[in-house]
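This report concerns only the one structure given below.
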Amino acid sequence: MSDARHLLVVDDDPDMRLALELTLRKAGYRCTLAADGQEALDLLRRQGFDLVVTDLRMPRVGGIELLERMSAAAPHTPALVITAHGSVDAAVESMKRGAVDFLQKPFGPDVLLAKVSAVLGRPAAPRRGRPRTPFVAEDPAMERVLSLVEAAAATRATVLITGESGTGKEVVARRIHELSPWAEGPFVGVNCAAIPANLMESELFGHEKGAFTGATEARPGRFEQAQGGTLLLDEVSEMEPALQAKLLRVLQEREVERVGGRKTIPLELRVVATTNRDLPEEVRRGRFREDLYYRLQVIPIQVPPLRSRRRDILPLARHFLAAACRAYGLEEATLTAAAEKALLAHDWPGNVRELQNAVERAAVICRGGPVGPEHLFLEEAAVRPDGGIRVDGTLDEMERKIILAAYAQHGHNKKATARALGINVKTLRAKLRAYGVEGAEPGGEG
Ligand SMILES: Nc1ncnc2c1ncn2[C@@H]1O[C@H](COP(=O)(O)OP(=O)(O)OP(=O)(O)O)[C@@H](O)[C@H]1O
Ligand SMILES: [Mg+2]
83 MSDARHLLVV
93 DDDPDMRLAL
103 ELTLRKAGYR
113 CTLAADGQEA
123 LDLLRRQGFD
133 LVVTDLRMPR
143 VGGIELLERM
153 SAAAPHTPAL
163 VITAHGSVDA
173 AVESMKRGAV
183 DFLQKPFGPD
193 VLLAKVSAVL
203 GRPAAPRRGR
213 PRTPFVAEDP
223 AMERVLSLVE
233 AAAATRATVL
243 ITGESGTGKE
253 VVARRIHELS
263 PWAEGPFVGV
273 NCAAIPANLM
283 ESELFGHEKG
293 AFTGATEARP
303 GRFEQAQGGT
313 LLLDEVSEME
323 PALQAKLLRV
333 LQEREVERVG
343 GRKTIPLELR
353 VVATTNRDLP
363 EEVRRGRFRE
373 DLYYRLQVIP
383 IQVPPLRSRR
393 RDILPLARHF
403 LAAACRAYGL
413 EEATLTAAAE
423 KALLAHDWPG
433 NVRELQNAVE
443 RAAVICRGGP
453 VGPEHLFLEE
463 AAVRPDGGIR
473 VDGTLDEMER
483 KIILAAYAQH
493 GHNKKATARA
503 LGINVKTLRA
513 KLRAYGVEGA
523 EPGGEG
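Residue numbering for the sequence shown follows my numbering, beginning at 83 and increasing consecutively.
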């Protein structure tokens, strides 16, 4: 009997409570009784139940309030509501507050048991997760992203997120995970560009002991680690062709085999892939498998660049400023009107990441005081994202603009900036020092 489903029956009428209990016990369920919503909440906080069956009208805490408070106290426990004869409004209201179904009085034992077993037989209750990752999206251009995120969250479909560097692709991926019924499961990320090709296969799929030289122990891959949750394949376009073929097979079969292993492991997870490349173009050039592309983009989400959603700029800036002040233990700083104007006028080639860096750095420099445009170091970009060049200075001046723009675009990461410009880090450091920039940024070497 110990693995019988455990139900919590909530009713202020002792006769009704007893009748419900008898019927449910006879059918093999475990029952605990509560006389009102308050008693029920106290029990729910202390132990888990598979289902709550509750009346609506009760003293102290009634059924509607119980439903409301359950979403915090026991977010994964479904509730079945008992309503008075003919009270359609109460039924609708309870469903809105999260009840999974209702029973109208009077009902016989058969109806009760049918509803209970229907609810318990449903796959893991898709009550939505509570997002933890902050996600600012106020510009109308983000409406489509938001609705696709919601739609994707409800299913386990594979999602392909595209967008320029720093637009928030990873944030979108986390958001989908956190809003999904599998939010409690793991969120595992793999950067396909950062792992050497020869290690990638075992990284993704795991390996058995002795599968290759150096495989001294068996190790599960990222796919296995993400079981029951979400696997993020970051920069998927950078994957080698041979591996693309293997990935395709895993996605088709929904099972994985460790390197050097013989048993197949069924996969229960969602895959989200991201890229800042034009994947159809990569497909045309023969660098990315077309079949894999279609397999990945079941739900395609395009995150627009920051310059085409300018109404997000100030809300994001305020969000980053407040977060930075909290993190550094500073008083909450504000943006001056001139700073806001400068932020709105900037082109943001490095997108949200560039904005975050500019604001965090300003927060440190201002130590809690008001942030003015002079603290933001928004270099006017010499090279516009469309590739057009505005020549308006000597070669040295142009070089300075280009270097500072690239530096900002890469989030003040010297290695990435140097790589992008094709110069070495030492040269970059010397230039920045000459411009009076190096060392000023928080976080030091990036
Ligand atoms: N809408 C948003 N709300 C709050 N923070 C955001 C938002 N979008 C992006 N960020 C923040 O901006 C930074 C960059 O975002 P993220 O890493 O998701 O970008 P990305 O598109 O994955 O970049 P890359 O292409 O370089 O991998 C992160 O610190 C993230 O937390
Ligand atoms: Mg990313």
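Glycine residues also receive a C-beta, built at the ideal position from the N, C-alpha and C atoms.
The DSSP assignment places 145-155 and 170-178 as complete runs of the alpha helix (DSSP H) inside the stretch 130-192, in order along the chain (cut-off: 4 residues). The straight-line gap separating the alpha-carbon atoms of G190 and L261 is approximately 38 Å. In this structure N433 is buried. Its beta-carbon is surrounded by 16 or more other beta-carbon atoms within 10 angstroms. Per DSSP, the continuous beta strand (DSSP E) segment holding N273 begins and ends at F269 to N273. CA-CA distance, V182 to S229, rounds to 23 Å. For L437, the CB contacts under 8 Å within the same chain, skipping 5 residues up- and downstream, are L388, I395, L398, A399, F402, L425 and W430 in chain order. Residue range G119 to R128 is occupied by the alpha helix (DSSP H) that includes D124, with no beta strand (DSSP E) assigned at that position. Annotated as distal: T312 and V253, with beta-carbon spacing of 8 Å or more. For A440, the closest of V353, L148, Y489 and A156 by C-alpha to C-alpha distance is Y489. Between V218 and the set S319, V385 and E364, the nearest pair of CA atoms involves V385.
Contact fails between the stretch 281-294 and the stretch 222-242, because fewer than three Cβ pairs, one in each stretch, are under 8 Å apart. When the alpha-carbon of A279 is set against those of T244, A166 and Q326, the nearest one is in Q326.
One thing to note: L202 has its Cβ no nearer than 8 Å to the Cβ of S176.
Taking a cut-off of 8 Å on C-beta distances, the stretch 163-170 does not touch the stretch 116-123, as fewer than three cross pairs fall below it. When distances are taken from the beta-carbon of V218 to the heavy atoms of ligand 1, the shortest one is below 7 Å. In the DSSP secondary-structure assignment, G451 is not bridged to any residue.
Contact check for R304 and V270: beta-carbon distance about 5 Å, within the 8 Å limit, so the pair qualifies. In its chain, beyond the 5 residues on either side, C274 have a beta carbon closer than 6 Å to the beta carbon of M321. Ranked by Cα distance from P452, the options T476, E481, D474 and L412 are led by L412.
Taking non-hydrogen atoms of ligand 2 into account, the C-beta of E252 is found less than 7 Å away from one of them. For Q307, there is no enclosing beta strand (DSSP E); the residue is part of the alpha helix (DSSP H) that begins and ends at R304 to Q307. Residue range R112 to A116 is occupied by the beta strand (DSSP E) that includes A116, with no alpha helix (DSSP H) assigned at that position.
Annotation: I164 to W264 spans about 29 Å, alpha carbon to alpha carbon. DSSP places R352 in the uninterrupted beta strand (DSSP E) bounded by R352 to T357. Residue pairing of G288 in beta bridges, as defined by DSSP: P302.
Contact between L514 and A500 fails: their C-beta atoms lie close to 10 Å from each other, not under 8 Å. In the assembly as shown, D474 is an exposed residue. Its beta-carbon has fewer than 16 other beta-carbons within 10 Å. Uninterrupted alpha helix (DSSP H) stretches at least 4 residues long and entirely within the stretch 221-284 occur at 225-236 and 251-261, given in chain order. Relative to ligand 1, the beta carbon of N495 is positioned no closer than 7 Å to any heavy atom. Here T244 is buried: its Cβ has 16 or more other Cβ atoms, across all protein chains shown, within 10 Å. For G342, the shortest separation between its Cβ and any heavy atom of ligand 1 does not lie below 7 Å. Setting aside the 5 residues that flank it on each side, H492 is surrounded in the same chain by G432, A498, T499 and A502, each with a C-beta closer than 8 Å to its C-beta; the list follows chain order. Taking C-beta separations shorter than 8 Å and ignoring five residues to either side along the sequence, the partners of A122 in its chain run L90, V92, A116, V134, T136, V143 and L148, following chain order. In the three-state reduction of the DSSP assignment, H457 falls in the helix class. Annotation: V227 to I383 spans about 6 Å, alpha carbon to alpha carbon. If you draw a straight line from the Cα of T105 to the Cα of A166, it comes to about 19 Å.
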